[in-house]
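Numbering follows my numbering, with no gaps: position 814 of the first sequence is 1005.
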Amino acid sequence: MEKAFDFKKEEDKIYKQWQDSGFFNPDNLKIPDDAESYTIVLPPPNVTGTLHAGHAKVLTIEDILIRYHRMKGKRALWIPGTDHAAIATQTKVEKIIKQEGQTRHSLGREKFLGRVEEFARSSRDTIVKQCKKMGASLDWSREAYTLDKTRNKMVNSVFKLMYDDGLIYRGERVVNWCPRCHSPLADDEVEYKENRSKLYYFKYSKDVPITIATTRPETKLGDVAIAVNPKDERYKALIGKEFDTEFVGVKLKLKIIADRGVDMDFGTGALGLTPAHSVIDWQIAEENDLKVIKVINEDGKIIEGLGEFSGKTASEAGEMVVEKLRKAGLLEKEEEVDNNISLCYRCDTAIEPLPSLQWFVDVNKKVQRFEGKSLKEISLEAVKSGVFGRDKIRIIPNSFEKKYFYWMDNLRDWCISRQIWFGHRIPVWYRDSQIYVGLEDPEGEGWTRDQDTLDTWFSSGMWTFSTLVHRPDDIKIVNNKLVIESDDFQRYHPTQVLETAYDILFFWVAKMILMTTYAVKDIPFYDVYLQGLVTDTEGKKMSKSKGNVIDPLDMIEKYGADATRLSLVVGSTPGNNMKLSEEKIEGFRNLIKKIWNVARYIKLETGEYDRKRMSINEDELNNADLWILEKLDMLTLSVTSDLESYDFSNSGQKLKDFTWNDLADWYLEATKFKKTDQTKVVLNVVLERLLKLWHPFIPFVTERIWSEFNDGDIMIENWPDRKELSKIEYGDKPKVFDLTLEIIRSIRNARAENNIEPKRKVEALIIARDQSEPLNENKVFIQKMRTGIDKIEIKKQAEKPKDAIFIPVSKDIEIYLIGAIDKDKEKDRLRRSASDLNERIKFLENKMADNDFVKKAPKKIVENERMRLNKLLAEKSKIDKQIKDI
RNA sequence: GGGCGCUUAGCUCAGUUGGCUAGAGCAAUCCGUUUACACCGGAUAGGUCGUAGGUUCGAGUCCUACAGCGCCCACCA
């Protein structure tokens, strides 16, 4: 075995070996037909670029789950894929072609889409490479893409179903329009930025008695009303009145209306109502049956027919309006106010609210196939109480359930159309006033297809079931029902767990629940595991512009994939952000090195070891052997139960503690001093099991070490089983080794406290009433473990030696160090420990004297405290005696 | 404005249903070792658990208020 694990060379080799074996595909594993299946779909990364630390964490957690369940004998399937991420990808490619002096319009739809696909393909290749670097055991034979033919058929089919059910409708609404992207944005795609802007106070004209305030004077050209609060005494008398007037040369008809939403304290308490260019105004206008006057067009410019304003940009027009008002003496005041401006999350262009014809999913309409419940209600119920006979979907951590409910409750109709080219084109055709929705082109002449595409979440919302279909022909609509003819779908759906970062709970997770319950009448997954974001050491989101990005590929290059994986998983709890630093990864690199060295030591010690011919002989185990085996059994149980409850951090931590502290620092040291025939066997048994337990976390190094000792791949070995644990009867024996460790610690401690020179050899007499026999086994070990003991005697009973340092270990065990005595120091030390004891005794005595405690606390606890007190008192009297003796 | 969460050792975090006068890793200090591993071993020190009340025999854990930090949602005419 080489001196070190050369991860740079080995990792790629090992991944290739796994892939060649075909074991990532459960069809190739020899599993009984009735085996439980365990499915995870990888949240498809956007094909906009490369993977970051957050992706790496997703990959690690899911790989741990998949490898664990595969080893447990389940039919474990993990499906890879990528997301076309419509707007994001299109914007990215537009930026690229801009450098060539092109726009999408100059290229044309077909050519442009070719460029986007080309870009998407190369991004996809990078992403696949990165996944492999991480060691992800994804079944590449089932790789999917949100925009491939099969997924497209699924999208169109579900669209048609929803349309026929009346759940998809076309309507006009004020949307967040990005004049640059030429597309509306969903509410959650809008970003707000703090800003100071001017608030203008003015009157429309001399005829209108109300002063209003606005930050957008140009939109006032489209005002249809003035809204005031019904409680506002200033305007009460005017409510209901109408004014025909001329505002900076444009004719307006203004009605004074009352609306409770109007803030009396802002501005003048009167709101100029512009239905076409404000979401809120649109709603008020609808309630009051008011006209909509459009002023600004899709380019962010003033529309035709408004005289001198036409063709000007909104801000130019704004200035002109203000200037005119000032000249007419209608402008009363200008004021600086803080407000937020809405920006496009992709290009940072200011949003222009515009009325626009869009496609929507109606989330409130009652659906017949759901016994009259709406999409919203079903989605809520799926998490609240369970639907279609399934248990409720579990969200981990469950604090996010509240957020889910809150969000779902407030969900408005979902605008699914996007005015971009890249994406699933809406399967709708128009001819005159006819509309055709279908999977195939309509018959007859003169139909034109809708130019728009669908929101990317419309397709990714179907990801759990759409990925389990492999040919477009397997998707059919029969009797207004979706029929999926796929064995995979029957076998692997619903998926077991959806694991993703919490920031897309609403974008994606909620849409998956909505779309899946509707389309296949089942839940998409049983559990949702939400991980936190990976941030820099200051808790800030990693971003390229801040330069604080830790690139997982760099880390893999530097510290290996295994160390990188551990650093992403240990010390992190679900739903909480995790600060990642290079030092942390370095720490785990050291651990990997430790594991390698443990294996190397075992290999060197045991040499050619025939695992088939040698097995544990319980009678010949010494108490160090039993100790480590018991610890290993406990570890097996707790790692297993931690993994079952998604506690990756704890299980990794426990594995680390066992490997480093118990195995390397104690047991391996012990084997150096007292080898028996069984030592080899125990060493190998421990290593074998430990490697299996480690494997889901650090697949590469465990696979490599495994190959030093065994044939075959560790990745398809069986997970250590409970049955395996019951073979050895431990009884009380393992505690003896704990005692040994305690003795060694006490002696080291005493040497330090008494300032005994390190090189000075002393003799030790250990009086152990009950345990002297078994302890004798560990005599050499105690002597050699840096205790500086020259000669050691372990006796059941003996005269207490004079001039010796006394070390009380427990009730039945006393240690005397002979030949290093310093009476004063020893006395001093004893006094100190006596006073220490005194304090603890006082504390407990007080507690026991407290009537309330004795009466009211549970008996078990009172009993415990009493026993503790007795123990301490016994110890105390022993020490007192010792002090006297000196 | 509405909602949610966080505050424990210098740093990063654990801490189950309240119960053995608070745990780990890193950093610090001291000691040791070069025989699987210096990317090593051993030990030490360091916390009135954000503040103030309350409930309780008992509070890091439950309740209330306050302070600081963060996130989400709505919205700024």
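Don't be surprised by glycine CBs; every beta carbon is placed ideally from N, CA and C.
Beta-carbon separation (whole angstroms), residue i vs residue j, contact threshold 8 Å
{"i": "LYS583", "j": "LYS575", "result": "6 Å"}
{"i": "THR341", "j": "VAL307", "result": "19 Å between Cβ atoms; not a contact."}
{"i": "LEU721", "j": "THR691", "result": "7 Å"}
{"i": "TRP851", "j": "PRO235", "result": "Actually they do not touch by this definition, with Cβ atoms about 38 Å apart."}
{"i": "ARG364", "j": "GLN642", "result": "ARG364 to GLN642, Cβ: 18 Å. No contact."}
{"i": "PRO375", "j": "CYS606", "result": "6 Å"}
{"i": "PHE997", "j": "LEU1021", "result": "7 Å"}
{"i": "GLY458", "j": "ALA404", "result": "3 Å"}
{"i": "SER806", "j": "VAL872", "result": "7 Å"}
{"i": "LEU744", "j": "GLN321", "result": "6 Å"}
Identity of the residue in the options nearest residue i by Cα
{"i": "ILE611", "options": "ALA276, LEU329, ILE1052", "result": "ALA276"}
{"i": "ASP456", "options": "ASP727, PHE888, GLU424, VAL688", "result": "GLU424"}
{"i": "PHE849", "options": "ALA508, TRP885, ALA476", "result": "TRP885"}
{"i": "ALA461", "options": "LYS427, LYS982, SER469", "result": "LYS427"}
{"i": "LYS770", "options": "GLN687, ARG791, LYS731", "result": "LYS731"}
{"i": "VAL688", "options": "ASP211, LEU233, TYR206, ILE359", "result": "LEU233"}
{"i": "ILE747", "options": "HIS243, ILE222, TRP209, ASN216", "result": "HIS243"}
{"i": "GLU253", "options": "THR241, GLY240, ALA267", "result": "ALA267"}
{"i": "LYS702", "options": "LEU571, LYS524, HIS373, GLU933", "result": "LEU571"}
{"i": "ILE947", "options": "LYS397, GLU777, ALA995, GLN290", "result": "ALA995"}
{"i": "LYS668", "options": "PHE350, GLY264, ARG1022, LYS320", "result": "With the sequence shown as reference, residue 668 is identified as Ile, and Lys is not the correct amino acid for it. Out of PHE350, GLY264, ARG1022, LYS320, PHE350 has the C-alpha closest to the C-alpha of ILE668."}
{"i": "LYS324", "options": "ASN945, ASN1037, ARG756, VAL552", "result": "ARG756"}
{"i": "GLU477", "options": "ASP490, VAL971, GLY502, ILE448", "result": "ILE448"}
{"i": "TYR990", "options": "TRP699, ILE1009, LYS556", "result": "Correcting the residue type first, residue 990 is Glu in the shown sequence and not Tyr. When only C-alpha atoms are compared, the closest one is ILE1009."}
{"i": "GLU201", "options": "ILE741, ASP753, GLN559, THR251", "result": "ASP753"}
{"i": "GLU634", "options": "TRP620, ARG585, THR647, ILE704", "result": "TRP620"}
{"i": "GLU1030", "options": "LYS1067, LYS485, HIS615, VAL554", "result": "LYS1067"}
{"i": "GLU774", "options": "CYS369, ASN788, SER758, PRO765", "result": "SER758"}
{"i": "GLU879", "options": "ALA943, ASP904, PRO370", "result": "ASP904"}
{"i": "GLY213", "options": "HIS260, ASP665, GLU964, ARG333", "result": "ARG333"}
{"i": "MET733", "options": "ARG895, LYS524, ASN768, VAL711", "result": "ASN768"}
Limits of the alpha helix (DSSP H) - the one that residue i falls within
{"i": "GLN1073", "result": "1050-1076"}
{"i": "LYS302", "result": "300-325"}
{"i": "ALA277", "result": "277-289"}
{"i": "ASP254", "result": "244-262"}
{"i": "GLY778", "result": "773-797"}
{"i": "PRO544", "result": "From DSSP, PRO544 is part of no alpha helix (DSSP H) but of the beta strand (DSSP E) over 543-552."}
Whole-angstrom distance between residue j and residue i, CA atom to CA atom
{"i": "ILE714", "j": "ILE231", "result": "14 Å"}
{"i": "MET825", "j": "MET976", "result": "26 Å"}
{"i": "LYS982", "j": "ILE1070", "result": "25 Å"}
{"i": "ILE471", "j": "ALA418", "result": "11 Å"}
{"i": "GLU1078", "j": "ASP1043", "result": "A query on residue 1078 cannot be resolved here, the shown segment of the chain reaching from 192 to 1077 and no further."}
{"i": "TRP209", "j": "HIS661", "result": "24 Å"}
{"i": "ASP679", "j": "LEU464", "result": "55 Å"}
{"i": "PHE613", "j": "THR644", "result": "7 Å"}
{"i": "VAL366", "j": "MET511", "result": "26 Å"}
{"i": "VAL740", "j": "LEU390", "result": "40 Å"}
{"i": "ASP694", "j": "GLY762", "result": "20 Å"}
{"i": "ASP339", "j": "SER677", "result": "17 Å"}
{"i": "LEU521", "j": "LYS344", "result": "60 Å"}
{"i": "ILE288", "j": "THR294", "result": "6 Å"}
{"i": "GLY843", "j": "VAL892", "result": "15 Å"}
{"i": "GLY413", "j": "VAL346", "result": "39 Å"}
{"i": "THR686", "j": "LYS221", "result": "21 Å"}
Continuous beta strand (DSSP E) stretch holding residue i: start and end
{"i": "TRP620", "result": "619-622"}
{"i": "GLN625", "result": "625-628"}
{"i": "ASN367", "result": "359-369"}
Exposed unless 16 or more other CB atoms sit within 10 angstroms - verdict on residue i
{"i": "GLU437", "result": "exposed"}
{"i": "PHE1034", "result": "exposed"}
{"i": "ALA1065", "result": "exposed"}
{"i": "ALA1040", "result": "exposed"}
{"i": "TYR597", "result": "exposed"}
{"i": "GLN962", "result": "buried"}
{"i": "LEU358", "result": "buried"}
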